[in-house]
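Q: Everything in the sequence shown is counted per the working numbering, starting at 1212 for the first residue and increasing by one. Below is the structure I would like to discuss, written out as structure tokens.
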Amino acid sequence: MSFETDKQTLEDLNILGKFKNNSIYSIFSGMVTRGGERLLEKMFLNPLTNAEEINQRTRVFRYFKEHDVAFPGDTKECDVVEQYLAGASGKHWVFNLALLFRAKMLELIGNNTVINQWHEQVITTVFFLQKAKRYLDEVGKTIAGNPMEEGIKKGEALLQNKTLACVLNFQGKNLSLTEMFKFDKLLRCDMNKQFAELVKLFHEIDVNTVVGRVARERDFSFPVALTDDEMSIGIKGLFHPALPSAVSNDLEITKSKNIFFLTGANMAGKSTLMKSFGIAVYMAHMGFPVAAKSMTFSIQDGLYTSINVPDNINMGYSHFYAEVLRVKKVAEEVSLSKRLVVIFDELFKGTNVKDAFDATLAVTKALANRKACSFMISTHIIEVGQELGKACDNVTFAYLPTVMRDKVPTYTYKLENGITSDKHGMIIINNEHIVDIIRSRTI
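See below:
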């Protein structure tokens, strides 16, 4: 079963995009190999829904966080190796011999481009394999008991094969034609399939190295997937992974308190907190480190958000109607008895306050009956929270406070229990002298 989400959610949380500003994907970019990049993208697009698989993956990443071993190669070198090993695809050695003789004939008539390129590919591959052997030997000393152990040991065994001694012991800078043919036959014909598997192993190592380094440098922690059936998400020290020096918060959603109702003034940090929570849930299901001190969670079926819902001019949808359609989409998914995490940031802000109050209260009360799901809902209409508290007993109320200092609002970004009483909109407007500016202008 796959983890459910959609384009709107991925955009709300800014999950994907290697070159997208402050995307979560970009935090983990920096792969050396092309295959590593493809593997990372696959992981981002396919979060896991099995607790054992998630916990195994986190164990691998934790090892690479704790053991800072440099990857044995750079991008240019790895590109050459991968292209070279894939070039013959295990064809019979006679085919490669014919190509080598053809290249030699071209060299004799002054065209040495082919033979030089071939020489570079072989010698680069030889040097990479020598470094790879040293790398696997070093990691192999400390990898015992880790899910990566089998792959590492298999790679070690391959590079300890006596047949490869001539390759791994080569110390020169230039290969003779005889050596080129001998090494080429070994690498691309006799043992091509084994080396293809070795390349895949180093794609995994590439990803693991980067993820481990990010976790180490940014002080991310590894989530623990729970195997029981109780719905629970608990996070200590949660912060936004793309914000340096971000303020952290603790929060919990359980089966008995499955609605986390968040209030606070504009600019108090509600949207950032909600995005931080959604990102943590998504990354945890990938088995990736999260921006928190610790996290435990029950496996969910999916994640849906409504944070930055745009209008749709082409379809003739206003912002409010786009919001309504988004809530309808999520409601349909929730009604199918799935275990979903749902994040609604300021529901129905595209309509008047009275309608927004009525609609937010009605929708939240209806969602409260869906005990299998986890909900985080925010609003700046504090009266909704007051009425909700009278009707439901499964709601956790929290707010992000505003502190006035000399009539200037400041924000702690630290969660407090309860419902905010902050109403400082007019103070901010007056501080900016908007009305005075309008009145002082002459026509």
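Each residue gets a CB set at the ideal place from its N, CA and C atoms; glycine is no exception.
For N1628, which beta-bridge partners are listed by DSSP?
A: Looking at the DSSP assignment, N1628 forms a beta bridge with A1609.
Q: What does a CB cutoff of less than 8 Å around E1349 pick up in its chain, not counting 5 residues either side in sequence?
A: V1280, listed in sequence order.
Q: Near Y1624, what residues of its chain come up, given a Cβ to Cβ distance below 7 Å and the 5 sequence neighbours on each side ignored?
A: For Y1624, where only same-chain residues beyond five positions count, the Cβ hits under 7 Å are V1458, G1480, L1611.
Q: Let me know the secondary structure DSSP gives S1240 once reduced to three states.
A: Coil, per DSSP.
Q: Should the region 1385-1395 be called in touch with the region 1328-1335, which here means at least 3 C-beta pairs below 8 Å?
A: Yes, the region 1385-1395 is in contact with the region 1328-1335.
Q: Could you name the residues of the same chain whose beta carbon sits closer than 6 Å to that of V1492, not counting the 5 residues immediately before and after it, in chain order?
A: Hits under 6 Å: L1514, V1552.
Q: Determine the DSSP secondary structure at I1554, reduced to helix, strand or coil.
A: Correct three-state label for I1554: strand.
Q: Using 10 angstroms around the beta-carbon of T1474, count the other beta-carbons present and answer buried if the total reaches 16, otherwise exposed.
A: Buried, by the Cβ-count rule.
Q: If we ignore side chains and look at the alpha-carbon of each, how far apart do F1239 and V1421 end up?
A: Approximately 7 Å between the Cα atoms of the pair.
Q: Can you tell which of L1484, A1426, D1461, E1463 has the C-alpha that lies nearest to the C-alpha of S1589?
A: Nearest of L1484, A1426, D1461, E1463 to S1589, Cα basis: L1484.
Q: Excluding the five sequence neighbours on either side, which residues of its own chain have a C-beta within less than 6 Å of the C-beta of S1517, listed in chain order?
A: Closer than 6 Å at Cβ, skipping near neighbours: R1537, F1555.
Q: Quick one: what does DSSP say L1369 is sitting in, helix, strand or coil?
A: Helix, per DSSP.
Q: DSSP three-state call for N1460: helix, strand or coil?
A: Strand, per DSSP.
Q: Assuming A1436 and A1262 make a contact with CB atoms under 8 Å, what is their CB distance in whole Å?
A: Indeed, because the Cβ distance is near 4 Å, the residues count as touching under 8 Å.
Q: Are the region 1553-1572 and the region 1448-1463 touching, with three or more C-beta to C-beta distances below 8 Å?
A: Too few Cβ pairs lie closer than 8 Å, so no.
Q: Quick check on I1648: buried or exposed, where buried means 16 or more other Cβ atoms within 10 Å of its Cβ?
A: So I1648 counts as exposed.
Q: Using the rule of at least 16 other Cβ atoms within 10 Å of the residue's Cβ for burial, across every protein chain shown, is Q1511 buried or exposed?
A: With 16 or more other Cβ atoms within 10 Å, it is buried.
Q: Compute the Euclidean distance between the alpha carbons of G1629 and R1550, then round it to the nearest angstrom.
A: Each residue's alpha carbon lies about 26 Å from the other.
Q: For the putative contact between E1367 and L1347, defined by C-beta atoms under 8 Å, what is the C-beta separation to the nearest angstrom?
A: The Cβ separation is near 5 Å, so the contact holds.
Q: State the DSSP-derived secondary structure class of V1564, mapped to helix, strand or coil.
A: Three-state DSSP puts V1564 in a helix.
Q: Pull up the CB-CB distance for G1423 and M1506, whole angstroms please, since I reckon it's below 8 Å.
A: No, G1423 and M1506 are not in contact; Cβ-Cβ is about 18 Å, not under 8 Å.
Q: Would you tell me roughly how many angstroms separate the C-alpha atoms of T1353 and M1359, rounded to the nearest one?
A: Whole-angstrom Cα-Cα distance: 11 Å.
Q: Taking the C-alpha atoms as reference points, what is the distance between L1260 and T1438?
A: At residue 1260 the sequence reads Thr, which differs from the Leu that was named. One C-alpha to the other measures close to 11 Å.
Q: Could you spell out where the beta strand (DSSP E) holding M1506 opens and where it closes?
A: Looking at the DSSP string, the run of the beta strand (DSSP E) that includes M1506 is 1505-1509.
Q: For V1541, collect the residues of the same chain with a Cβ closer than 7 Å to its Cβ; drop the 5 residues on either side in sequence, then sort them by chain order.
A: Taken in chain order, the residues that qualify are Y1515, S1517, V1553.
Q: Which residues in the same chain have their Cβ closer than 7 Å to the Cβ of I1654, if we skip the five residues on either side of it in sequence?
A: Interpretation of I1654 is limited by its pLDDT of 49, a score under 50 that renders its predicted location unreliable; no figure is taken from the coordinates.
Q: Does the region 1243-1262 come close enough to the region 1371-1388 to have 3 or more Cβ pairs within less than 8 Å?
A: Cβ pair count under 8 Å is below three, so no.
Q: Could you check if N1460 is buried or exposed, using at least 16 other CB atoms within 10 Å of its CB as the buried criterion?
A: By the 10 Å Cβ count, N1460 comes out buried.
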